[in-house]
Amino acid sequence: MIDKKTLDQHGLTEGEYGLIVGMIGREPNLTELGIFSVMWSEHCGYKSSRIHLKKLPTEGKRVVQGPGENAGILDIGDGQVIVFKIESHNHPSYIEPYQGAATGVGGILRDIFTMGARPIAVLDSLRFGPPDDPKNRSVMEGVVSGIAGYGNSIGVPTVGGEVYFNPCYNLNPLVNVFCLGLADKDKIFYAKAEGSGNKVLYVGAKTGRDGIHGATMASAEFGKETEHKRPNVQVGDPFKEKLLLEACLEVMDRGLIVGIQDMGAAGLTCSTTEMAAKGGMGIVVDLDKVPQREAGMTPYEILLSESQERMLLVATPEKVRAVQAVFAKWDLDAPVIGEVVEGGRARISLKGEVVVDIPVDAVVNLCPAYRRPSQAPAAPVGGTALPALLLPQDYDDVFLKLLASPTIADKEWVFRQYDHMVQVNTVFLPGADAALLRIKGSKKALAMTLDGNSLYTQLDPKTGAKIAVAEACRNLACIGARPIGVTNCLNFGNPEKPEVMWQFEQAVDGLAEACRAFDIPVTGGNVSFYNDTEGLSIHPTPVLGIVGILDDIRKAVSPGFKAAGDVVVLIGENREELGGSEYLRVVHDLEAGAPPSIDLEREKRHQEFCLDAIEAGLVRSAHDLSEGGLAVALAECAFHGRKKIGCSIALEDSIRPDTLLFGETQSRILMTCRKKDLDNLRELARRKEVPARAVGETGGTEIAVEHRGRKLLRLPVEKAFQVWKDALPNFFKVRI
Amino acid sequence: MKVRILVSFKDSVLDPQGQTVKNALHTMGYGVVKDVRQGKVFELELEGATKKEAEALVPEIARRVLANPIIEKFDWQIIKGR
Amino acid sequence: MKVRILVSFKDSVLDPQGQTVKNALHTMGYGVVKDVRQGKVFELELEGATKKEAEALVPEIARRVLANPIIEKFDWQIIKGR
Amino acid sequence: MKFGVVQFPGSNCDFDTLYALQNVMKSPTVLLWHKDHDLQGVDCVVLPGGFSYGDYLRSGAIARFSPLMQEVKAFARKGGHVLGICNGFQILLELGLLPGAMIRNKNLKFLCRHVHIRIENEKTAFTRAGRKGQVLRIPIAHFDGNYYAPARVLKDMERHGQIVFRYCDAAGNITEEANVNGSLGNIAGIRNRESNVLGLMPHPERAAEALLGSEDGRTIFASLILSLGRRKPARRPVRRERARHD
Ligand SMILES: Nc1ncnc2c1ncn2[C@@H]1O[C@H](COP(=O)(O)OP(=O)(O)O)[C@@H](O)[C@H]1O
Ligand SMILES: [Mg+2]
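Structure (structure tokens):
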């Protein structure tokens, strides 16, 4: 009955089919096959990644919940926990940018509030093709307004993120959304169906035919052919989600339910089987009771629909009425659609007829894991040595060119579309090294950032991944926050290609090593494979989401220069490193060389020093050096305050001037301090064995850099600022 | 010539806007309204176009700019001129 | 019965969305499009309503809910049933 | 005195406004549920920002039909004080308690940023703690804040001092550039003829604490407390606080 063609359509191999038949003891019917196909898809089953992800450190004294739930949970003291996670919505955002991105936000929000936490912050990591192509611009416009449209209306601030541009994302943009929620430690909920006889309630939007096989779509390469079998794209309904959020938090707060799970990828199938499996129970569901948007839906369609804004609850029979009353208050129905039973089977019926009868464990926990073949490229992707490069004639010109590069330019065009202040916690608005949120009623604050330079990972996935962790932590250190936990989104190409699998392994190794070095647990994440379009893979793109904590918010430091006459101090060393830099890409049109080297021990020392110096009150501003190197970092410090302040810098390093200005050597931080504090700062640095040198002074209306007596840069701050600020908006001006 | 293009979600796609309007109308006592779908309408003034030209042009514009064919459908007609 | 209600800005009110669409079309080479106005369309399914009832009901709903009379005007017609 | 903050299902600045009034301004405040008919004896009703009923149709279009809004309407007609912030302002326009309407921002994008607004009329219960011409730095966050009213109405409003806030630059100049959303006459906030109802697009509750970047929003809340309070709060509490922080 089930032939090869049907299996292919479901993305299952004959071997996997054999396993399924063995586990259920007979041939599955089509609906059951559909269930296995989504639950055993790459997206849900982590077939290719699972054995590698095991290498990530997941333990730590704050960890309340590591990977394996909807989101990770960390203890932040005072009876409170944070719940956070990152998700990708790459393919849907290419097909329908607005709705794809919007429903991406909706999905990650549900992952957070399903655990009992109120979402308090969203961050987004976006990758597009270059904005000079109108197609890329329209994807970007749609994605940004989709994130805004959803997040803004539901009232969760989008407080930070990142945007990169590279041609490798032309046909495959990346939309990764991170969300963090806050909860009381004794009010956490899990996706568990416990207690035989307990009722299963369905809440939220009606089930339609949308997004059937979204999970399988996210588990296949994209090409001309898939364009035709595009499933119905889901449309987000943020208002419905807001009702759902409030009602769910209310029933949880009042202790009315036993377990709860959102319906994300694979919809009703995933939520019912997962909840049953986690509770070690079985479940019966009557599909006639499932609210349906369209007439005549088959069990296959009802079970595999990915309609948005739906949740599944489990409550004891006595509490059902009370739960329904809360939902009614929020204008939502909460029909009982089934029951928790003994026996570990999911038994689903429609019109009195059993249409599915399978062991939940097989569906949820027994998806095979593969060690896919991997193969390093014959030679390093970036070549072994850089070609001889001519030194620029005019450094001011090069500098302006970099400031105008979309990856470096001001991202205000993006974030001013996001409500980043709602909930009145946002202390550092987008534009700082990390977002900073106060916690009401305490002195503590949370900092968070997303990072990942895929140019580095393309050239050397392992080093690139380590740098992503290091840089994210450095961003936190610059504002005075200690990192406490990590989530990550691993965006890669087709894992069936050995080179892609090699990139993945290397990147995970790098992540694991770096997280160990910083002693931060990975509490969850997401893997997005098959980011290939028409045979081309994206650059491997691990995106790190790292959360930090500050004990005293009043000590937080922002990147902008604070006043004229402060000393500019450079932490770290300038090395002859240009590989993978934005300078090479923009000015020399080269994606080549090896990425900057990273020594995790040294990096950690520098960050510790930064944190201690901030703690001691010695630092007036701090900013890490990243894309565009020293020159761009100086500019960002000059631009960031409400009043722009210039600086004059003099350096003696014996390296190429272009490397000095624009090289991206790691572990460097640019600080300012009051003159009177310089000696103390230096003394602290000496004790910590951290190179720290005064390189100049803030003040004036220019950014001026001198190298061994030669003036390299001399630009009015205002001019540089305009170039940096206008670069992105200029792409979006409608020309008449 | 003036043409009118109606763009709306395909029938199988959720229409949250229409749904909220419907719910509001019910609350206000207009129970007779069984369903609401909401869409967009564009009126384009085309200069010196013939009917034939419009027939080529309008669907092209609708598909490329006004509607996303993945989730939306459109319909058009000439409302002034010929 | 099914009715269609078109809601659009009064002529005296600037229509920024229509303007933007027009500009975009010009950039794309559709210079023949002289003007664009954008509005909303609602399709309401009325259960068991007669033509007469619809004639009383629809303008009421449009005025009270679907359009803001300060900036918008509306137009409606029966598109199915009678 | 007692404030009441209205909660529609899609309100999202309800708790922010409650926090600013109760925790920052230390003024007793209750939440008012949109389905109720009870104003709980409050002296001032605040309609907070958000997306009251999803607002897919038009901002504030559906909220005005809610049960509580019938009470608010009656309360306002009897002279009760009503403050509408952002979506609250939009609702007041839809309700007809204030003249005019909102259309999309001129750049057709949601806009979240700090803006400057100038107090045009300090003789209202909402602004008396400020000075005429005083510039406040307060954030906006909206998609539909482009204020429109027919010319005749606008003229009338001018004549009666109903324009209370205008977008301006940091120095207080009313410029086209400062008019971020394209509003007619740079209008950021207006009052009704009787001066007991005020709507504004900027969010004073987001500018009530130095930690969050500005305390200028307190001027509005302090004015109300000053105007409606039985206890006499310190005169001009706002500027005195600021002096301490500067
Ligand atoms: N890159 C990763 N690093 C750590 N944990 C991961 C990673 N990717 C996925 N996980 C974890 O694997 C688990 C399985 O995710 P699951 O909830 O089934 O899928 P989804 O991400 O679609 O919700 C989750 O707990 C998730 O946090
Ligand atoms: Mg999940």
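Residue numbers (the working numbering), protein chains in the order written: chain Y, 1 to 736; chain R, 1001 to 1082; chain X, 2001 to 2082; chain U, 3001 to 3246. Note that the Cβ used here is the ideal one computed from N, Cα and C, for glycine as well.
Can you tell me the Cα-Cα spacing of residue i and residue j, whole angstroms?
{"i": "Lys329 (chain Y)", "j": "Val323 (chain Y)", "result": "10 Å"}
{"i": "Tyr1030 (chain R)", "j": "Arg293 (chain Y)", "result": "21 Å"}
{"i": "Asn2023 (chain X)", "j": "Lys206 (chain Y)", "result": "39 Å"}
{"i": "Asn2983 (chain U)", "j": "Ala3207 (chain U)", "result": "Here chain U comprises residues numbered 3001 to 3246, so residue 2983 (chain U) is not present and cannot be evaluated."}
{"i": "Tyr3053 (chain U)", "j": "Ile120 (chain Y)", "result": "21 Å"}
{"i": "Leu737 (chain Y)", "j": "Glu306 (chain Y)", "result": "Not covered by the structure: residue 737 (chain Y). The range shown for chain Y is 1 to 736."}
{"i": "Leu278 (chain Y)", "j": "Gly72 (chain Y)", "result": "Rather than Leu, the amino acid found at residue 278 (chain Y) in this sequence is Lys. If you take the alpha carbons of Lys278 (chain Y) and Gly72 (chain Y), they lie about 16 Å apart."}
{"i": "Glu59 (chain Y)", "j": "Ile51 (chain Y)", "result": "17 Å"}
{"i": "Glu32 (chain Y)", "j": "Phe165 (chain Y)", "result": "42 Å"}
{"i": "Tyr456 (chain Y)", "j": "Gln503 (chain Y)", "result": "12 Å"}
{"i": "Val38 (chain Y)", "j": "Asp253 (chain Y)", "result": "33 Å"}
Which one of the options has the shortest CA to CA distance from residue i?
{"i": "Ala191 (chain Y)", "options": "Y:Ile257, Y:Lys135, Y:Glu162, Y:Leu245", "result": "Y:Ile257"}
{"i": "Ser537 (chain Y)", "options": "Y:Asn425, Y:Gln423, Y:Val144, Y:Gly493", "result": "Y:Gly493"}
{"i": "Ile348 (chain Y)", "options": "Y:Ala378, Y:Val200, Y:Ala295, Y:Ala385", "result": "Y:Val200"}
{"i": "Val1013 (chain R)", "options": "Y:Val285, Y:Leu678, Y:Gly236", "result": "Y:Gly236"}
{"i": "Leu436 (chain Y)", "options": "U:Gly3213, U:Ser3223, U:Leu3224, U:Pro3067", "result": "U:Gly3213"}
{"i": "Arg3152 (chain U)", "options": "U:Leu3184, U:Pro3139, U:Asn3173", "result": "U:Leu3184"}
{"i": "Phe3143 (chain U)", "options": "Y:Asn152, Y:Val144, Y:Ala325", "result": "Y:Asn152"}
{"i": "Pro759 (chain Y)", "options": "Y:Gly181, Y:Gly142, Y:Ile95, Y:Ala622", "result": "In this structure chain Y extends from 1 to 736, so residue 759 (chain Y) is not present and cannot be described."}
{"i": "Arg708 (chain Y)", "options": "Y:Val717, Y:Ile649, Y:Thr487", "result": "Y:Ile649"}
{"i": "Glu243 (chain Y)", "options": "Y:Glu301, Y:Ala325, Y:Asp331, Y:Tyr202", "result": "Before going on, a small fix: residue 243 (chain Y) reads as Leu here, not Glu. Considering only alpha carbons, the answer is Y:Asp331."}
{"i": "Leu127 (chain Y)", "options": "Y:Ser654, Y:Gly107, Y:Pro167, Y:Gly524", "result": "Note that residue 127 (chain Y) is Arg in the sequence shown here, rather than Leu. Among Y:Ser654, Y:Gly107, Y:Pro167, Y:Gly524, the Cα nearest to that of Arg127 (chain Y) is on Y:Pro167."}
{"i": "Glu636 (chain Y)", "options": "Y:Tyr456, Y:Leu402, Y:Ala517", "result": "Y:Leu402"}
{"i": "Arg416 (chain Y)", "options": "Y:Asn475, Y:Ile82, Y:Glu601, Y:Ser145", "result": "Y:Ser145"}
{"i": "Leu600 (chain Y)", "options": "Y:Ser581, Y:Ile669, Y:Glu513, Y:Leu681", "result": "Y:Glu513"}
{"i": "Glu87 (chain Y)", "options": "Y:Ala102, Y:Arg714, Y:Ile95", "result": "Y:Ala102"}
{"i": "Ala727 (chain Y)", "options": "Y:Arg110, Y:Arg474, Y:Ser405, Y:Asn198", "result": "Y:Ser405"}
{"i": "Tyr98 (chain Y)", "options": "Y:Asp394, Y:Glu241, Y:Met140", "result": "Y:Met140"}
{"i": "Ile645 (chain Y)", "options": "Y:Leu634, Y:Ser654, Y:Glu652, Y:Ile655", "result": "Y:Leu634"}
Determine the DSSP secondary structure at residue i, reduced to helix, strand or coil.
{"i": "Cys270 (chain Y)", "result": "helix"}
{"i": "Asn730 (chain Y)", "result": "helix"}
{"i": "Thr665 (chain Y)", "result": "coil"}
{"i": "Asn3087 (chain U)", "result": "helix"}
{"i": "Gln234 (chain Y)", "result": "coil"}
{"i": "Leu590 (chain Y)", "result": "coil"}
{"i": "Cys478 (chain Y)", "result": "helix"}
{"i": "Val567 (chain Y)", "result": "strand"}
{"i": "Gly629 (chain Y)", "result": "helix"}
{"i": "Glu227 (chain Y)", "result": "Per-residue confidence for Glu227 (chain Y) stands at a pLDDT of 44, beneath the threshold of 50, marking its modelled position as unreliable; the derived number appears in the next sentence. Looking at Glu227 (chain Y) - three-state DSSP - the assignment turns out to be helix."}
{"i": "Ser330 (chain Y)", "result": "Before going further, note that residue 330 (chain Y) is Trp rather than Ser in the sequence given. Trp330 (chain Y) falls in the coil class under three-state DSSP."}
{"i": "Gly195 (chain Y)", "result": "coil"}
{"i": "Arg708 (chain Y)", "result": "coil"}
{"i": "Ser145 (chain Y)", "result": "helix"}
{"i": "Cys168 (chain Y)", "result": "helix"}
{"i": "Leu511 (chain Y)", "result": "helix"}
Write down the C-beta distance between residue i and residue j rounded to the nearest angstrom, noting that I regard them as a contact closer than 8 Å.
{"i": "Met3157 (chain U)", "j": "Pro3099 (chain U)", "result": "7 Å"}
{"i": "Asn3186 (chain U)", "j": "Gly3145 (chain U)", "result": "Not confirmed; about 12 Å, so no contact."}
{"i": "Pro373 (chain Y)", "j": "Pro559 (chain Y)", "result": "Not quite, the Cβ-Cβ distance comes to about 45 Å (not below 8 Å), so this is no contact."}
{"i": "Gly3060 (chain U)", "j": "Ile3085 (chain U)", "result": "Incorrect: roughly 12 Å between the Cβ atoms, too far for contact."}
Please name the residue or residues paired with residue i in a DSSP beta bridge.
{"i": "Pro483 (chain Y)", "result": "Y:Gly548"}
{"i": "Gln292 (chain Y)", "result": "Y:Thr207"}
{"i": "Gly441 (chain Y)", "result": "None, per the DSSP bridge assignment."}
{"i": "Trp3033 (chain U)", "result": "U:Gln3007"}
{"i": "Pro359 (chain Y)", "result": "Y:Arg345"}
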